[in-house]
Amino acid sequence: MVTSPIGRARRLARRRALWGLAALVLLPAIAGAHAVLLRAVPPPGATLRVAPRRARLWFSERLEPVYSTASVWSEATGSAVAAGPTAVSADDPRLLSVALPPLPGGAYAVRYRVLSVDGHLLEGAYSFTVAGGANGR
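Laid out in structure tokens, this is it:
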């Protein structure tokens, strides 16, 4: 089948228009993909019978270890009960954790400030409650 130059030009124009539309739809979604907290242990809002030994937070993006921190605060006293050292896992660079001392019963807040490898900063906090006390061993 022989195609005319006008037919080829129309097909080329349609392809370019489709690629342009795809770029308009997909590029903002890709560019807007920043790190978010996916999962945490202890989970937000949890009431635990036994205090955890570590707070672990998983994010959607790899983290910059030097600029990513987490701390745990007593909501009763407003003071930090664990402020480091914070570690980004070598096995899973999306996992941030901090060791906890033995925690008595009470309400606690986990605060985090992380820098993902795409250069975006994320700060957040959530609470959990220990109904019992003393970390599980």
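If you're matching positions, the sequence shown starts at 0 in numbering that gives the first Met the number 0 and goes up one per residue.
Backbone N, C-alpha and C fix where the C-beta goes; we use that ideal spot for every residue, glycine too.
- Across the structure, V49 and E60 are spaced so that their CA atoms are roughly 30 Å apart.
- The beta carbon of L47 is closer than 8 Å to those of P41, F127, T128, V129, A130 and G131 in its chain, skipping five residues each way along the sequence.
- Put simply, the backbone Cα of R10 is about 41 Å away from that of V35.
- Taken atom to atom, the span from the alpha-carbon of D117 to that of L62 is near 9 Å.
- The distance from the Cβ of S70 to that of A79 is about 5 Å, consistent with a contact at the 8 Å cut-off.
- For G123, the enclosing beta strand (DSSP E) stretches over residues L120 to V129.
- The DSSP-derived three-state label of R10 is helix.
- Here V113 is not near A54, since their CB atoms are 7 Å or more apart.
- A direct Cα-Cα distance of roughly 10 Å separates G123 from A108.
- Residues L56 of the same chain have their beta carbon placed closer than 6 Å to that of A39, with the five preceding and five following residues left out of the count.
- L94 is positioned such that its CB atom lies no closer than 7 Å to that of A81.
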